[in-house]
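Position 314, counted from 1, in the sequence shown is what this note's numbering calls 307; the numbers after and before it change by one each time, with no gaps.
Here's the structure we're looking at; comments come further down.
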Amino acid sequence: MNAPVPRLIRANDLLPNEPRIRNAAVQQELTEKHLLPALHELEIFLLTVRLQIDSELHQRQPVKLGKPYPLGQCLEIALTVERRLREIKETSLPPQAHAGLRVFRAFLRDGGEFRLIWGDLRRQYFQNAFQLGTLYVDVANDTVVPSKPKVEILPFHKADIVPMEDFLHFATIAGRYWHDRVYPNHVLPSLAPYCPLIHVGKSGRVQIHDSSRYMLALTRTAAFTPSEQVLSEASMPHELFDWLRTALQEAPLTLPRSPEEGRQLALQRCGEYRRKRWHQNPRTDQKVAETVLKLNRRLARQAHFQQRKDTAMSSIRIDNIEYDLNTLSAEANAQLQSVQFVDQELARLQAQIAALQTARNAYVNALKAALPAQGKR
């Protein structure tokens, strides 16, 4: 694998939804003044809002990708809560939530920051949550494991959420969280500088990634070098390329004749767009996102891609060197199997640790609520 692409930013410059705190000292002071003394009230308020929107969202989308609400609907819940919090009125809440709303409003009036964030949570998940001062607030904590509390509030530094560094980082989490196979986008050269990945899900569902505001801004900020990084990898499999070319043949785009040609053209487009300084124009992001949405809808209407088992994995890349699996020695194969086993165990343990940490936080909060108001003298 190539090394991560550096992104030079000033201290207070953030990409859209980047999980990082601006003016941390100021936000910590405001958090200590307004939020920390009233965490219980704040949690009741946020839980009340979440419960109020659940019926609306459940009715709108009871099932997503075969999973019942709220599973897989982290973004939908977070966006709806954000809109509700921007316009909420005290009269729409039960009395027990009023104190939390007043705390929330006082914090914002005093200059506290409240923003939606997105990133890599504990090297395991894509996560949509909120930065509230120096707190991490997850109002969709039950969208992976439904038995977890709906709302989780932690000190931001303890949440273990980090920004996506590049598309290799994105592909790694996509493999762990969604169990997707990820390939370079060598079929749509004109789009590849912005969205350089093609994902194939376990069911064979194929999608172009990633048109989120954060990832588009990430590659533009670095003049498309994060996209070049993954597009320079080995050409995408011919079988997948042919499937995509057939699926997109009626789309208003010029398609290459082979993945090798697509790879060359995609890399050329990165250089061309950089020379034209398109990376300095954030207004293109919306157009790209709309194009990707239309193309992914077109792909979703196709019969799912089914890769032949004999082409599923023919090589492995270590230290940016491609190795043919058919040429590995018995000793190398044994070591590879050991590495794969350990990776699977680490992923399982990380998920278990994350669940236990969340459960402990819930029990601690419940304990605090059950303790006498004055405590021991």
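Using N, Cα and C, we set each Cβ at its ideal position, and we do this for glycine too.
task: State the beta-bridge partners of residue 126 as determined by DSSP.
output: Beta-bridge partners of residue 126 (DSSP): none assigned.
message: Just checking residue 125 against the ligand FAD - is the residue's beta carbon closer than 8 Å to any of the ligand's heavy atoms?
response: Although the ligand FAD was asked about, the structure shown includes no ligands whatsoever.
query: What is the DSSP secondary structure of residue 153, counted as helix, strand or coil?
result: Residue 153 carries a coil assignment under DSSP once its states are collapsed to helix, strand and coil.
query: Which residues in the same chain as residue 55 place their Cβ atom closer than 7 Å to its Cβ, once the five residues preceding and following it in sequence are excluded?
result: Residues of the same chain with a CB within less than 7 Å of the CB of residue 55, apart from the 5 flanking positions on each side, are 61 and 62 in chain order.
query: For residue 187, which three-state DSSP category applies?
result: Residue 187: coil per DSSP, three-state reduction.
Length-filtered (3 minimum) beta strand (DSSP E) runs lying within the segment 183 to 264: List check, beta strand (DSSP E) in window: 190 to 193 and 199 to 202.
- prompt: Can you list, in chain order, the residues of its chain whose CB lies under 7 Å from that of residue 153, leaving out five sequence neighbours each side?
  reply: 114 and 115.
message: Less than 9 Å between the beta carbons of residue 262 and residue 186, yes or no?
response: Contact flag set, yes.
message: Would residue 101 and residue 128 be called neighbours here (beta carbons separated by less than 9 Å)?
response: Against a cut-off of 9 Å, the Cβ pair of residue 128 and residue 101 comes out as no contact.
Reference residue 42; option with closest CA among 270, 322 and 82: The residue from 270, 322 and 82 with its alpha-carbon nearest to that of residue 42 is 82.
- request: Can you give me the Cβ contacts of residue 286 inside the same chain, cut-off strictly under 8 Å, excluding the 5 residues immediately before and after it?
  value: Residues 204 of the same chain have their beta carbon placed closer than 8 Å to that of residue 286, with the five preceding and five following residues left out of the count.
field: Per DSSP, cross-strand counterpart(s) of residue 107
entry: Bridge partners of residue 107: 125.
message: Please report the straight-line C-alpha distance between residue 321 and residue 273, rounded to a whole angstrom.
response: Cα-Cα distance, rounded: 46 Å.
Stretch-stretch touch, CB-based, cutoff 8 Å, three pairs: the segment 120 to 139 with the segment 84 to 95: Not touching, per the Cβ criterion.
- prompt: Would DSSP call residue 59 helix, strand or coil?
  reply: The answer is coil: DSSP assigns residue 59 none of H, G, I, E or B.
query: For residue 73, which residues from the same chain have a beta carbon less than 8 Å from its beta carbon, with the 5 sequence-adjacent residues on both sides left out?
result: So the qualifying residues of the chain are 46, 49 and 50.
Sub-9 Å separation of residue 143 and residue 132 beta-carbons: For the pair residue 143 and residue 132, the CB atoms are nearer than the 9 Å cut-off.
Span of the alpha helix (DSSP H) around residue 11: Counting along the chain, residue 11 falls outside any alpha helix (DSSP H), and DSSP gives it neither H nor E.
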